[in-house]
Amino acid sequence: MLDSERADRWLRRAGKAVGGAAALVVVSAASIWLAVQLTPMQSVSAAGQTVQVGAARPGTSLSGPGELDLFGEAIATRPHFDGPIRPRLKLAHIDLGSQIDDAAHNGGDELLPVLSRRLASGWLRYCLWESLIAAGCAATIAVAVAGVRRDSRRTMVAMTAAAVASVCVANAVGVYLLASGTPRVLRQVRTLDDLVGRTPAQPVPAAKGEELTGVRLVVLGDSTAAGIGNRLVDHPTPADRTCGRSADSYAADLAAVNDWKVLNLACQGATVTDGILGVQTRGDDVIPPQLAVAQRATGASTVIVSIGANDLNWAVLTGLCARSPVCDDKASTAYFTEQLAAFTQNYLDLLQQLSDLPHHPDVIVNDYYEPFGPDTGCLKKDGITPAKAQVLRSRLADLNTVLENGAEAFHFTSVRPRFDGHRLCSKQPFVQNSADKAPLHPTAAGELAIALADQQALSQLQQPGYAEPSPSADPPPASP
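Per the UniProt record's numbering, the sequence shown starts with residue 1, numbered consecutively.
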């Protein structure tokens with residue numbers, strides 16, 4: 001009988017011990033998860049770059065990539081890190097100048113070891129704050145549970161001490177033991193390109209030829225900037241015809257309203273790598289890099305850039321969306337995510353080269369307009385339903401976020417044209433429909449709406465003592 005009672009007491013005690021241990025594990029995991037969400041990222045600066053260091057969401061694996069947040073787009077790092085808590089790095093700001101471009105890409109620059117050391121120290125500083133906040137979360141949870149159970153003060157103190165001790169042990173194991181190699185890996189990161197395992201684009205040299213005098217504004221970009229689907233420029237060159245440069249483009253509108261000489265180098269089908277920074281081949285025609293030709297206009301005070309849609313194969317994505325039952329299936333979503341990540345890295349190259357132009361022009365980055373309005377009835381025949389239009393809107397918003405965040409990081413101006421009341425299916429759409437020459441591209445009126453948005457930004461840039469605005473400040477809606 002006594003043996004049976006002893007066995008029962010032992011089992012009850014063992015059950016309480018197991019239950020208590022399980023509760024501590026849950027509290028520790030919850031506290032660490034909360035701490036990762038709450039701990040502020042630590043800023044470090046070197047070589048003209050400000051990088052914020054934090055932690056990615058904890059995972060269940062004991063090794064894996066970290067995360068680079070580039071203009072709002074999360075990119076897995078090439079280096080792998082040990083431990084369930086791995087670093088997240090966010091490029092916050094970049095100062096202008098050739099020294100910065102060299103520091104960002106030249107592995108021999110003496111400033112780069114400073115960046116790597118500061119990344120490592122920023123990670124250690126973050127881990128210290130995370131540990132303190134995790135302990136605070138554990139204590140808060142323990143006090144709350146004890147209060148609900150109406151435990152005695154002694155029990156509450158014991159529970160709190162146990163919870164704090166367990167979360168400290170968990171952090172010590174997860175961060176300082178399993179992830180002890182993270183600072184060493186970060187010290188080997190000499191450039192941001194090292195994090196994603198890529199080679200940056202080489203600086204684009206100026207194209208050969210005489211200086212293009214009298215040019216006040218240069219436009220770089222794709223078919224939106226070229227104005228395809230509208231009437232060609234007067235006396236078009238072979239390149240104008242190949243690229244579809246229009247007399248109704250927003251570049252032409254800006255030239256007319258300001259009485260400026262505007263150089264429109266935009267070309268349909270252009271991407272960052274094949275068009276702006278590199279040559280573009282269309283059929284038998286070879287178009288030189290837009291940035292190379294732009295450098296011949298040494299007197300230009302402003303450069304406007306419209307780029308990104310072709311980098312994402314936007315026409316292919318919208319075509320597949322129209323023909324598929326849904327647009328947000330796993331395959332197309334994964335494809336879009338991959339394309340956006342690749343564009344983000346190429347966009348960084350473009351911004352760095354624009355910032356290093358010897359004549360230091362102002363730079364305006366145009367967001368993409370929203371083509372789909374609340375009424376999508378006229379698009380039913382083209383396979384676009386309200387649900388599909390919403391998916392496309394969301395993806396376009398993701399692209400615009402990258403464009404805006406990149407412009408902000410380089411202290412450039414971003415502009416968001418608005419087609420409110422004039423989207424597809426409206427009475428006076430600013431967007432070409434499927435029966436027009438260039439579906440989803442701006443009409444002449446749409447190009448004018450983009451010009452109005454850019455003109456507002458240009459007027460602000462020309463004001464004495466002008467301070468950089470918040471990115472993508474919306475202009476007034478265009479009039480009919």
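Beta carbons: idealized from backbone N, C-alpha and C, even for Gly. Here the structure is a predicted model, which is why all the values come from computation and not from measurement.
Which residues DSSP lists as bridging residue i, in chain order
i	result
His422	Paired residues: none, contrary to the question.
Thr281	Val286
Ile75	Leu68
His80	Pro65
Val215	Lys261
Gln49	Ala46, Ile94
Pro442	Val431
For residue i, three-class secondary structure by DSSP
i	result
Gly54	strand
Lys427	coil
Thr413	strand
Gln188	coil
Ala201	coil
Gln42	strand
Asp436	coil
Arg86	coil
Ala92	strand
Gln462	coil
Glu210	coil
Thr155	helix
Leu181	Checking the sequence, you will find Gly at residue 181 rather than Leu. It is coil, neither helix nor strand.
Gly59	coil
Thr385	coil
Thr376	coil
Arg149	helix
Ser121	helix
Ser28	helix
Ser131	helix
Ser116	helix
Ser166	helix
Ser394	helix
Other residues of its chain near residue i: CB distance less than 7 Å, five sequence neighbours each side excluded
i	result
Ala74	Glu67
Ala444	Asn230, Asp248
Pro439	Gln432, Asn433
Leu399	Gly308, Leu312, Leu340, Tyr368
Val204	Leu277, Pro289, Leu291, Ala292, Gln353
Gly209	Arg296
Val143	Met156, Thr160
His105	Low confidence applies here, because His105 scores a pLDDT of 49, under 50, leaving its location unreliable; read the following figure in that light. Correct list, in chain order: Thr191, Asp193, Pro200.
Ala135	Val164, Val167, Cys168
Gly373	Arg423, Leu424, Cys425, Ser426
Lys437	Gly229
Ala162	Leu24
Rounded Cβ spacing between residue i and residue j (contact assumed at less than 8 Å)
i	j	result
Leu119	Leu186	4 Å
Ala46	Val114	4 Å
Leu38	Ile133	6 Å
Val272	Tyr347	6 Å
Asp382	Ala322	6 Å
Val257	Gln455	6 Å
Ser301	Pro361	6 Å
Residues near residue i in its chain [Cβ-Cβ closer than 6 Å; skip 5 each side]
i	result
Leu263	Val215, Val218, Ala297
Phe336	Arg395
Leu96	Model confidence at Leu96 stands at a pLDDT of 47, short of 50, so the residue's coordinates are unreliable; what they give is reported in the following sentence. If we look at Leu96 and ignore the five residues flanking it on each side, its Cβ neighbours are Ser355.
Ala55	Val36, Ile85, Arg88
Thr413	Ile364, Ala457
Val286	Val279
Cys378	Cys425
Leu212	Arg296, Ala297
His93	Thr50, Ala409
Arg245	Ala226, Val233, Asn264
His359	Thr298
Leu357	none
Cys327	Cys321, Lys388, Val391
Tyr126	Gln42, Val53, Gly54
Cβ shell of residue i (< 8 Å), same chain only, five flanking positions each side left out
i	result
Phe430	Tyr369, Phe419, His422, Arg423, Pro442, Thr443, Ala445, Gly446, Ala449, Ala478
Pro480	Only weak support is given to the placement of Pro480: the predicted model assigns it a pLDDT of 37, under 50, and the question is left unresolved by the model.
Trp129	Thr39, Pro40, Gln42
Ala29	Ala170
Alpha helix (DSSP H) runs contained entirely in the segment 286-320, provided each spans 4 or more residues
290-294
Segments of 3+ residues assigned as beta strand (DSSP E) that fall wholly inside the segment 326-374:
If we require 3 residues or more, the beta strand (DSSP E) runs fully inside the segment 326-374 come out as 362-366.
Which ranges does the beta strand (DSSP E) cover as unbroken runs of at least 3 residues, wholly within the segment 220-276, from first to last along the chain?
261-264
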